[in-house]
Structures are given as structure tokens and as C-alpha cells.
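A.B. asks: Residue numbers (mature numbering (1 follows the signal peptide of the UniProt record, and there is no 0)): -37 to -1, 1 to 160.
The structure under discussion is supplied below as C-alpha cells; questions concerning it will follow.
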């Protein structure tokens, strides 16, 4: 006897979108979202391939675009050139291997570009670890009293509004403290810093 299955929207915890999209609602598989589905979220202008509000979100070894909502999340992007956007909350973002773009959103975030030439943006909040990792990185701490480090490689660090501590790490680094009272160390070219030690 034929049966039909349905699940409430609350069970729709993870969607992976692409050319051959399959969305998971509990135990139900569908080839396309229902007509009332919300538009696909974007991150830095790119359509999300992974959307989740789970406490821990893992990417793939490919090029992922990961979007979370508000709340505290631990995002492990994995291999590939990934783009990650989180909402308000105290988040931890790890780019893994590849040339990644990480956007922390509001909150007290910890962002780690890891290996590759990364763009790491703390955005709003007092971010306590904004770290480019090995590679030629752009590290933008954003507004707030932030701690940022370039890591090995020729990096560019930007402090933004707030009392920041910016450490270029090994390499030929350019550091701009931005507004307020900033401490900048290990920079080849340093500007807008109250102290360089």
C-alpha cells in the first residue's frame, strides 16, 4: 500500500546545494525544495553549498560556501578554496588547506585561515584570535578590541576601529592599526599604531 512521508521544517538541519541538489528533511529525500523554500543564502556574493545551524559544521575536500545563522558555531571548512560566513555569536572558524575566505560576523570569534593564501575578516565584536596562518594572507580584524596575527608569509593586517594588537609574524608584513590605540609588532611597514612593541 503506497505511503507518503513528511517531516517538519525543524528537521531540515542541513542542505547541500549544487547542480544535482538533494535536500534532506528527516528521512525524506527530494530532488528539489518545496515551492515555499527560502532563497539560497549567499556568502561574499556566492551561493551557499552548505547551510547549517548545527553546533559543529564540517565542509568537504572541495570548494565549499558555508553559511550559518546566529548562535555559537564551530566551522571546519576542510580542504579546498572555501568561503565561510557566520552570523552573530561566538564562533570558531577553521579554513583548513586552500585559499579560504572567512567572515566572522558579530560576536567574539576565533578565526584561523590555516594553510593557503587566505582572507580572514573578524567583522564586529572583540575577536580574540584572527589568524591568517601560513601563506600570504589578508587579515582584517574589523571593529572591536581584537587580537590578530599574520603567521608565516608576507601578510597584510588591518586593525579597524578599536584597541587592537596586531602581530605580523614571520615574513615581510604590512600592518595598519586603523583607529584608536593599537599595538603592532613584527611589521615591515607599520602605520596608525600607538606602539610597535
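Each residue gets a CB set at the ideal place from its N, CA and C atoms; glycine is no exception.
If you're wondering where the values come from, they're calculated on a predicted model, not measured in any experiment.
(1) Return the CA-CA distance between residue 236 and residue 1, expressed in angstroms with no decimal places.
(2) With respect to the beta strand (DSSP E) encompassing residue 94, which residues constitute its N-terminal and C-terminal limits?
(3) Residue 151 to residue 99, Cα distance in whole Å?
(4) Keeping to the same chain, check which residues put their C-beta closer than 6 Å to that of residue 147; ignore five residues upstream and five downstream.
(5) Which residue or residues does DSSP assign as beta-bridge partners of residue 110?
(6) When DSSP labels each residue in this structure, what does residue 1 get in the three-state scheme?
(7) Three-state secondary structure (DSSP) at residue 156?
(8) Mind reading off the beta-carbon distance from residue 125 to residue 107? Whole number of angstroms is fine, and I expect it under 8 Å.
C.D. replies: The relevant details are as follows:
(1) This structure leaves residue 236 out entirely; the chain is present only between -37 and 160.
(2) Reading the chain shown from its first residue, position 131 is the one you call residue 94. Per DSSP, the continuous beta strand (DSSP E) segment holding residue 94 begins and ends at 92 to 94.
(3) For the purposes of this step, residue 151 is taken as residue 188 along the chain shown, with counting starting at 1. For the purposes of this step, residue 99 is taken as residue 136 along the chain shown, with counting starting at 1. When rounded, the distance between both Cα atoms is 14 Å.
(4) As a working mapping, residue 147 is identified with position 184 in the chain shown. Excluding residues within five positions, the ones whose Cβ falls inside 6 Å are 129, 138, 140, 153, 156, 159.
(5) Reading the chain shown from its first residue, position 147 is the one you call residue 110. Answer is 128.
(6) Within the chain shown, the letter at position 38 stands for residue 1. It is coil, neither helix nor strand.
(7) Position 193 of the chain shown, counting from 1, holds the residue named residue 156. Three-state DSSP puts residue 156 in coil, outside helix and strand.
(8) What you label residue 125 is simply residue 162 of the chain shown in a count that begins at 1. What you label residue 107 is simply residue 144 of the chain shown in a count that begins at 1. Correct: roughly 5 Å between the Cβ atoms.
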